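The numbers in the numbering used here rise by one with no breaks, and the one at position 36 of the sequence shown is 142.
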Amino acid sequence: MMDDKRESIYENLLEQYGYFIHSTKVWKVVSYTSASAYRKARSKGLLPFREIELDGRKGRYVRTASVSAWLESQIAKGDRRIKEK
């Protein structure tokens, strides 16, 4: 079941954004309150994934697989907390 969720999240993001998500979009995907909050987390080194620059493209990107894995880890944490109660 967990693999189905992960695959679904990844496939959904892949279909919508491709293999890389631009940082101007990723902040919404991972539920930062604003682009400013995302930039602040970046400047403090607190992003939960690594941004990269792609040759010939402006801006920074995050691998869709990394975003999907992070989202899945957050879901798993929530599931564990519910089971502990």
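Note that beta-carbon positions come from the ideal geometry of N, C-alpha and C, so glycine has one too. Keep in mind that this is a model prediction, so the values were computed, not measured.
In the three-state DSSP reduction, residue 178 falls in the helix class (H, G or I).
Looking only at 171, 173, 133, the smallest Cα-Cα distance to residue 147 is reached by 133. Counting only the Cα atoms, residue 144 lies some 13 angstroms from residue 168. As DSSP reads the structure, residue 126 sits in a beta bridge with 169. Cα atoms of residue 131 and residue 154: separation of roughly 15 angstroms, rounded to the nearest angstrom. Following the DSSP letters along the chain, one finds residue 164 in no alpha helix (DSSP H), marked with neither H nor E. With contacts defined as CB atoms closer than 8 angstroms, residue 177 and residue 127 fail to qualify as a contacting pair.
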